[in-house]
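Reading through the structure tokens given below for one structure.
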Amino acid sequence: DAGVIQSPRHEVTEMGQEVTLRCKPISGHNSLFWYRQTMMRGLELLIYFNNNVPIDDSGMPEDRFSAKMPNASFSTLKIQPSEPRDSAVYFCASSSRGQPNQPQHFGDGTRLSIL
Amino acid sequence: QQQVKQSPQSLIVQKGGISIINCAYENTAFDYFPWYQQFPGKGPALLIAIRPDVSEKKEGRFTISFNKSAKQFSLHIMDSQPGDSATYFCAASYTSASGTYKYIFGTGTRLKVLA
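Residue numbers (our numbering), protein chains in the order written: chain V, 4 to 118; chain R, 17 to 131.
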């Protein structure tokens, strides 16, 4: 079975540029999560979709961040304009049935570096 | 209230030894406690999980001990192996009145098992 697929795996760009991270959840999963991982703050939930609808975006740090899920098989996380402090590893995860006891399956992440 | 405090930050154990990682929480509404394992360059993966109505859960060499009154839970890795070297995250989940949920992750423990 294909797991959660994220692209790109690595992104290096200059401050002020727009960055778009992509995620394909596991087929049949109806919950999707975007996380950010840094040494200082650990693993932080940015936003959570259930059935393609954003349920909780309280973790989105600023208006520069936006996320969409146009269909059940695709989601994007966009940063515009990007800043050096956005440098982190961004993970997408999906789970089935939106129940907490269903494991969240993580992709391998996008390592983002903003120069 | 929403934090999950994890310790130690790093841990070095001899092969065959016992690795112990501890987590503590404040919010009594948390109702599910998973542990995730993360290898370098990979996303976290579910290792083992427990509900608060159970004091212990064992899966192979991995055991979760749960102390509801103390609001603490811990991961024990018996007969630790070099292949267990990874970062371990505890998490806690609560379900809101609307039925949505999210994980709050601990800050992670970097485990190194010496051969």
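Beta carbons are placed, not taken as given, at the ideal position from N, Cα and C, and that holds for glycine.
All values derive from a computational prediction rather than experimental measurement.
- Contact note: ASP111 of chain V reaches chain R through GLY57, LYS58, GLY59, using a C-beta cutoff of 8 Å and chain order.
- For PHE121 of chain R, the chain V residues whose Cβ falls inside 7 Å of its Cβ are GLY45, LEU46, in order along the chain.
- CYS106 of chain R and PHE55 of chain R do not touch by the CB rule: their CB atoms are close to 17 Å apart, not below 8 Å.
- When C-beta distances to chain R are compared with 7 Å, the residues of the segment 47-58 of chain V below that value are LEU48, TYR51, ASN53, ILE58, in chain order.
- Leaving aside the five residues that flank TYR117 of chain R on each side, the residues in its chain whose CB is nearer than 6 Å to its CB run, in chain order, SER109, THR111.
- Rounded to the nearest whole angstrom, the C-alpha separation of GLU17 of chain V and ALA131 of chain R is 42 Å.
- With distances taken between CA atoms, GLY6 of chain V lies nearest to V:ASP111 out of V:ASP111, V:ARG88, V:GLY19, V:ASP89.
- Close partners of THR116 of chain R in chain V (Cβ separation under 8 Å): TYR51, ASN53, ILE58, ASP59, GLY101.
- Residue-level contact check: LEU62 of chain R touches chain V, since one or more beta carbons of chain V fall below 7 Å from its beta carbon.
- For SER10 of chain V, the CB contacts under 6 Å within the same chain, skipping 5 residues up- and downstream, are ARG25 in chain order.
- A direct Cα-Cα distance of roughly 19 Å separates PHE94 of chain V from GLY31 of chain V.
- Shown here, ARG88 of chain V sits in a helix according to DSSP, grouped into three states.
- For PRO28 of chain V, not one C-beta of chain R is nearer than 7 Å to its own C-beta.
- Membership of GLN30 of chain R in the beta strand (DSSP E) is indicated by the continuous run 26-30.
- Close partners of PHE105 of chain R in chain V (Cβ separation under 9 Å): GLY45, LEU46.
- Taking 7 Å as the threshold, the shortest C-beta distance from GLY124 of chain R to chain V falls below it.
- Here the C-alpha atom of PRO87 of chain V lies approximately 16 Å from the C-alpha atom of ASP66 of chain V.
- Bounds of the beta strand (DSSP E) holding PHE68 of chain V are 68-74.
- Burial state of HIS13 of chain V is exposed, judged by a 10 Å Cβ sphere holding fewer than 16 other Cβ atoms.
- Taking 7 Å as the CB threshold, PRO106 of chain V lines the interface with chain R.
- In the structure shown, the three-state DSSP call for ASP60 of chain V is coil.
- Here ALA113 of chain R is exposed, its C-beta having fewer than 16 other C-beta atoms within 10 Å.
- Between the C-alpha atoms of GLY115 of chain R and SER34 of chain V there is a straight-line separation of about 13 Å.
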